[in-house]
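In my numbering, the protein residues as written are 2 to 481.
To keep things clear, I will list the structure first and then write my remarks on it.
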Amino acid sequence: MPTKTSTTRLRKAGVLEAFFHARSKLGVDNCVVVAAKYESNTARVLDKPTLFAAIQEVINENPVLAARLTERGPNGTTCDPVWVRLPFLDLNHIVSFLDVDSSDLESLLAKEFTRPFELDVDSPLWRVAVLTDGTVMYTHEHSMGDGQSGLAFHLAILSALEKLPETASHSGEVVIPDVPLRPALEEAMPITAPVSKIFKEVNQAINPFAARKRNAIWTGNPVGKTYKRGVNIRVIRLSPEDTASLLRLCRKNGATLTGALYALITHIIAQELYAGPDPKGKLNSVVMFVPISLRPHTSAPPTAICNYVSYYQDVYPLPVPTRASKHSYPSPDRFAWKSAASFSATLKREAPKAPAAIGVMKALIGSRENYSLGLLGKKRETTVEISNLGAAKPVQPTPGVSATPKWTIPEAVFAQADSTTGAAFKFNVVGAPAGGLGISVTCGLEAVDEEFAEKVIDAFAEGLKALASYKDEAIATAAL
Numbered sequence: 002m003p004t005k006t007s008t009t010r011l012r013k014a015g016v017l018e019a020f021f022h023a024r025s026k027l028g029v030d031n032c033v034v035v036a037a038k039y040e041s042n043t044a045r046v047l048d049k050p051t052l053f054a055a056i057q058e059v060i061n062e063n064p065v066l067a068a069r070l071t072e073r074g075p076n077g078t079t080c081d082p083v084w085v086r087l088p089f090l091d092l093n094h095i096v097s098f099l100d101v102d103s104s105d106l107e108s109l110l111a112k113e114f115t116r117p118f119e120l121d122v123d124s125p126l127w128r129v130a131v132l133t134d135g136t137v138m139y140t141h142e143h144s145m146g147d148g149q150s151g152l153a154f155h156l157a158i159l160s161a162l163e164k165l166p167e168t169a170s171h172s173g174e175v176v177i178p179d180v181p182l183r184p185a186l187e188e189a190m191p192i193t194a195p196v197s198k199i200f201k202e203v204n205q206a207i208n209p210f211a212a213r214k215r216n217a218i219w220t221g222n223p224v225g226k227t228y229k230r231g232v233n234i235r236v237i238r239l240s241p242e243d244t245a246s247l248l249r250l251c252r253k254n255g256a257t258l259t260g261a262l263y264a265l266i267t268h269i270i271a272q273e274l275y276a277g278p279d280p281k282g283k284l285n286s287v288v289m290f291v292p293i294s295l296r297p298h299t300s301a302p303p304t305a306i307c308n309y310v311s312y313y314q315d316v317y318p319l320p321v322p323t324r325a326s327k328h329s330y331p332s333p334d335r336f337a338w339k340s341a342a343s344f345s346a347t348l349k350r351e352a353p354k355a356p357a358a359i360g361v362m363k364a365l366i367g368s369r370e371n372y373s374l375g376l377l378g379k380k381r382e383t384t385v386e387i388s389n390l391g392a393a394k395p396v397q398p399t400p401g402v403s404a405t406p407k408w409t410i411p412e413a414v415f416a417q418a419d420s421t422t423g424a425a426f427k428f429n430v431v432g433a434p435a436g437g438l439g440i441s442v443t444c445g446l447e448a449v450d451e452e453f454a455e456k457v458i459d460a461f462a463e464g465l466k467a468l469a470s471y472k473d474e475a476i477a478t479a480a481l
């Protein structure tokens, strides 16, 4: 392999890119993983030459895959993070073909979060693992892209596969495109920080739990004093039929899927707290965190790998626990749809304001490292994160090539960690192009007591499937 070093400087890192890069240097498990199972409608195999040729097309569209961040200036001096082009890229060193299938996906995902990327060498900030059943695990460092970028990679692969000839060939040595990177978020759209928003954030920084009595908010265990890697992870899948049923139920009740998940999760946490560590009901609130994509405000296509995301966060009261409940998950016929619809409406109302949060971050965070270190040893700031990538649209047939797509993705799973300082529970959601739903639930090894976490996740899995299989009479009648 050539020993050349990166010298072509592409652009300065944006505010989000630099923020995530600083966290990675401190040891935060900052990577994002999206696994997708590929199936051919023409009995083709996703072999090395085919996949390599498809990845080459994705790199041509997303040159950030052939770049890395450095803080070393031209004369060896320290500088703010800047993107530089990699001098060489060999897919044989980035893509692994493993002798396991997706039945081991949970352990494989957990392992990914214990493998930090090397930040000070000429290596890419992503990797791929291919399983024997056609499942492709794509992992990227968060400084390179948001959660949507993981799904974007697979959509780009799917699109590239449609265009490849029957017998593709590629040695693995990438032809690195000489094209500019997509602009940083603050260059791709207006990012402002209203004074009122800055004052609010300053007040919250001084007392992050001012909206409720601090001790009444449950956010899991306190944050540890050092950054550690490792998560517990559970993967839950719904079939296309159950997913469609669940989405119809949400629409009938004026809620989004994210709103329904909020209502389900908060009900379960309230029940489990009452049944376990909080029988007197002193813990009555949680902090919800929901990432909000800013891609609709930009020209980025669905296949773009970039960091165009913000968030919504606030304190929410827990529902009053039901004393004589058989399960800690709610009965589908008594589901809190008003709560689900209200949360959905709040997200819709707050979404246009989301860019301001990035403006505040840019204005207030002087030292990215000090901010991240300041979270250690404190009360955890967030209880639940619901990160929903949405439903991926199927690839359309190539005009003049075929009437139906050659490839499809029947299953997809999205996962992320941030195990030390992140939310006690992360619910990571993605819809596969074929219509199914994949949800991973992750929590740091020290974020929540293991027995409590298992009870919450078990109840969530059972409650979600009960809701998806619920036969609402009004919906059944309308479908006739």
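Positions of the beta carbon are idealized from the N, C-alpha and C atoms, including for glycine.
Boundaries for residue 371: no beta strand (DSSP E) harbours it, while the alpha helix (DSSP H) harbouring it runs 369 to 374, taken from the DSSP string. In the DSSP assignment, residue 411 falls within the beta strand (DSSP E) that extends over 408 to 417. When C-alpha distances from residue 384 are compared across 47, 17, 327, 314, the shortest belongs to 314. Secondary structure of residue 91 (DSSP, three-state): strand. Looking at the DSSP output, residue 32 sits in a beta bridge with 142. For residue 391, the secondary structure class from DSSP, reduced to helix, strand or coil, is strand. In this chain, the beta strand (DSSP E) harbouring residue 317 covers 310 to 318. Nearest Cα to residue 287 within the set 237, 126, 300, 264: 264. Three or more beta-carbon pairs drawn from the segment 436 to 455 and the segment 406 to 423 are found closer than 8 Å, and the two stretches are therefore classed as touching. Apart from the 5 residues on each side of it in sequence, residue 285 sits with its Cβ closer than 7 Å to the Cβ of 217, 318, 319 in its chain, given in chain order. Distance from residue 431 to residue 101 at the Cβ level is roughly 21 Å; contact not present, criterion being Cβ atoms closer than 8 Å. In this chain, the alpha helix (DSSP H) harbouring residue 347 covers 338 to 351.
In this structure, the alpha-carbon of residue 323 lies about 21 Å from that of residue 221.
A check of alpha carbon separations from residue 51 across 276, 232, 408, 231 identifies 408 as the nearest. Between the segment 9 to 17 and the segment 118 to 125, the count of Cβ pairs shorter than 8 Å is below three; the stretches do not touch. Taking the C-beta atoms as reference points, residue 277 is found no nearer than 8 Å to residue 345. Closest by C-alpha distance to residue 114, out of 414, 192, 232, 226, is 232. Per DSSP, the beta-bridge partners of residue 444 are 233. The residue among 387, 291, 27 with its C-alpha nearest the C-alpha of residue 351 is 291. Three or more pairs of CB atoms, one per stretch, sit closer than 8 Å, so the segment 52 to 62 contacts the segment 173 to 182. When 226, 30, 135 are compared, the shortest CA-CA separation from residue 378 is found for 226. Boundaries of the beta strand (DSSP E) around residue 72: 68 to 73. In the DSSP assignment, residue 80 falls within the unbroken beta strand (DSSP E) covering 79 to 86.
Using a C-beta cut-off of 8 Å, the segment 177 to 193 makes contact with the segment 295 to 307, since at least three inter-stretch Cβ pairs fall below that distance. Residue 103 places its beta carbon less than 8 Å from that of residue 136. Take the alpha-carbon of residue 316 and the one of residue 271: they are about 14 Å apart. Per DSSP, residue 427 is one residue of the beta strand (DSSP E) stretching across 426 to 432. Rounded to the nearest angstrom, the Cβ distance from residue 457 to residue 428 is 10 Å, too far for a contact under 8 Å. Residue pairing by DSSP puts residue 136 in a beta bridge opposite 38. Here residue 111 has 231, 232, 233, 234 as same chain residues with Cβ atoms under 8 Å from its own Cβ, once five neighbours each way along the sequence are excluded. Closest in alpha carbon position to residue 27, among 433, 370, 69, is 370. If only complete runs of 3 or more residues are kept, the segment 224 to 298 shows the beta strand (DSSP E) at 232 to 239, 286 to 294, in order along the chain. At least 8 Å separates the beta-carbon of residue 374 from that of residue 148. Just measuring C-alpha positions, the residue of 70, 30, 303, 266 sitting nearest residue 81 is 70.
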